[in-house]
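J.: 113 is the number that full-length UniProt numbering gives to position 113 of the sequence shown; each next residue is one higher, with no gaps.
Just so you know, even glycine gets a beta-carbon here, dropped at the ideal spot from N, CA and C.
Only a predicted model underlies this, so the values are computations on that prediction, with no experimental measurement involved.
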Amino acid sequence: IDCAQWGGVMIHEMHLFEEPFNLIRGGKKTIEIRLYDEKRRKISVGDTIVFSELPDNKNEVRCRVVGLSIFGSFRDLFLAFDKSKFGHPESISVDGQVERMRSIYSSDDEKAYGVVGIHIEKLD
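Shown next as structure tokens:
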């Protein structure tokens, strides 16, 4: 994540794989899930996030941060909101949601940092 200030608003850059990128671009995913590490602690409501699609970062979508939900675990975050907010199908279990996150983040990192649900609305 990189960030810069423009007109008093922080602009953060984040990278996403194709599926979550397309869900955000299509307006189907309104909560982005990340570890609540040092980089994410710099994000505030009102900031802008520019998501770019991996691997080449050619496609971008700009979003405004409209809320932050901080939890100690992915499980607690997933239990607090409807699955559709994360772009997950209704058929997936909470265990399935947590398992998806385990393919990206270790349980040690989850325990060390906690997690954040970044509530977003598309700007373009």
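Do you know whose CA, among S84, Q97, H12 and A112, lies nearest C63's CA?
T.: What you label residue 63 is simply residue 63 of the sequence shown in a count that begins at 1. Of S84, Q97, H12 and A112, the residue nearest in Cα terms is H12.
J.: Please confirm if the stretch 37-46 is in contact with the stretch 71-84, defined as three or more CB-CB distances below 8 Å between the two stretches.
T.: Counting Cβ pairs under 8 Å, fewer than three are found: no touch.
J.: Taking the runs of the beta strand (DSSP E) that are 3 residues or longer, which of them lie wholly in the UniProt domain "ASCH" (14-124)?
T.: Entirely contained in the UniProt domain "ASCH" (14-124), the beta strand (DSSP E) runs reaching 3 residues are, in chain order, 31-35, 48-53, 60-71 and 115-122.
J.: Measure the CB-CB distance between G117 and I43 and report whether it falls below 8 Å.
T.: Locating residue 117 in the sequence shown gives position 117, where the first residue counts as 1. Locating residue 43 in the sequence shown gives position 43, where the first residue counts as 1. Contact flag unset, no.
J.: Suppose the cutoff is 7 Å on Cβ atoms and the five residues either side in sequence are ignored; what does the same chain contact list for F17 look like?
T.: Start at 1 with the first residue of the sequence shown, and residue 17 comes out as number 17. Counting only Cβ-Cβ distances below 7 Å, and skipping sequence neighbours, we find L54.
J.: Around the C-beta of A112, are 16 or more other C-beta atoms found within 10 angstroms, so that it is buried, or is it exposed?
T.: Within the sequence shown, numbered from 1, the residue matching residue 112 stands at position 112. By the neighbour-count rule (16 or more Cβ atoms within 10 Å), A112 is not buried but exposed.
J.: Which one of M101, K28, H88 and M14 has the shortest CA to CA distance from S52?
T.: As a working note, residue 52 is residue 52 in the sequence shown. Of the candidates M101, K28, H88 and M14, the one whose C-alpha sits nearest the C-alpha of S52 is M14.
J.: May I have the straight-line CA-CA distance separating R110 from R25, to the nearest angstrom?
T.: Taking the first residue of the sequence shown as 1, we reach residue 110 at position 110. Taking the first residue of the sequence shown as 1, we reach residue 25 at position 25. Strictly speaking, residue 110 in this sequence is Glu, with Arg absent from that position. About 27 Å.
J.: Going by alpha carbons, who is nearest to G8 out of V45, K83 and N22?
T.: Here the question's residue 8 lines up with position 8 in the sequence shown. Measuring from the Cα of G8, the nearest candidate turns out to be V45.
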